[in-house]
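Engineer: After the structure tokens below, expect a handful of questions from me.
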Amino acid sequence: MAQRAWCDSDAGDLPAARTPYHSLRHRDRQHVQRLGFDASSWEAVRRQRIDALPPLWRQRWQDLPMAHKAAAAALGFDPSTWEQLRASRQDLWRYPALLEAFAAAQLHGERIDAHAVAELLVPTITTLGIKRR
1382 MAQRAWCDSD AGDLPAARTP YHSLRHRDRQ HVQRLGFDAS SWEAVRRQRI
1432 DALPPLWRQR WQDLPMAHKA AAAALGFDPS TWEQLRASRQ DLWRYPALLE
1482 AFAAAQLHGE RIDAHAVAEL LVPTITTLGI KRR
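Pasting the structure below:
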């Protein structure tokens, strides 16, 4: 059985989302920093602000430098869990209007469930002219 990353990959949560930055063990904090986070961005992502993810999180596992792979692995990631998380964010990164809509909802403390996703996506998809495959 594969080791489960310290993320809830079913929900697409970011790793250690339940651990405040100041509560991370020193070693984990170093790994988190290597992956592009500081205290502010970490806390923003803990509040589900996906727009606060560092640019490194857009890279494919195979393209990460070894030091970043080692940091990610130390936090419980493997190629599969990294790619799953990255893929779950691709549409939001590809379409800034989607990212802005989700970020605005998150800033207001709204929980984004399936209903909220539909409410955010339909007007944005219509505006962007995105067609279903």
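Going by my numbering, the letters in the sequence shown line up with residues 1382 to 1514, in that order.
Think of the CB as a built atom: it goes at the ideal place given N, C-alpha and C, for glycine as much as any other residue.
Treat the numbers as computed from the prediction; the structure is a model and nothing was measured.
A1420 and V1426 - do their beta-carbons sit closer together than 7 Å?
Structural biologist: Taking 7 Å as the Cβ cut-off, V1426 and A1420 do not qualify as a contacting pair.
Engineer: Under 7 Å between the Cβ atoms of A1452 and R1415?
Structural biologist: In this structure, R1415 lies closer than 7 Å to A1452 by Cβ.
Engineer: By alpha-carbon positions, which one of I1431, R1430, F1418 ends up nearest to H1449?
Structural biologist: Taking only the C-alpha atoms, the option nearest H1449 is F1418.
Engineer: DSSP on M1382, reduced to helix/strand/coil?
Structural biologist: Caution applies to M1382, whose pLDDT of 40 falls short of 50 and renders its modelled position unreliable; the model cannot decide the point.
Engineer: Classify L1405 as helix, strand or coil using the three-state DSSP reduction.
Structural biologist: Three-state DSSP puts L1405 in coil, outside helix and strand.
Engineer: If distances are taken between C-alpha atoms only, which option among L1466, F1458, R1430 comes closest to R1439?
Structural biologist: Per the Cα distances, L1466.
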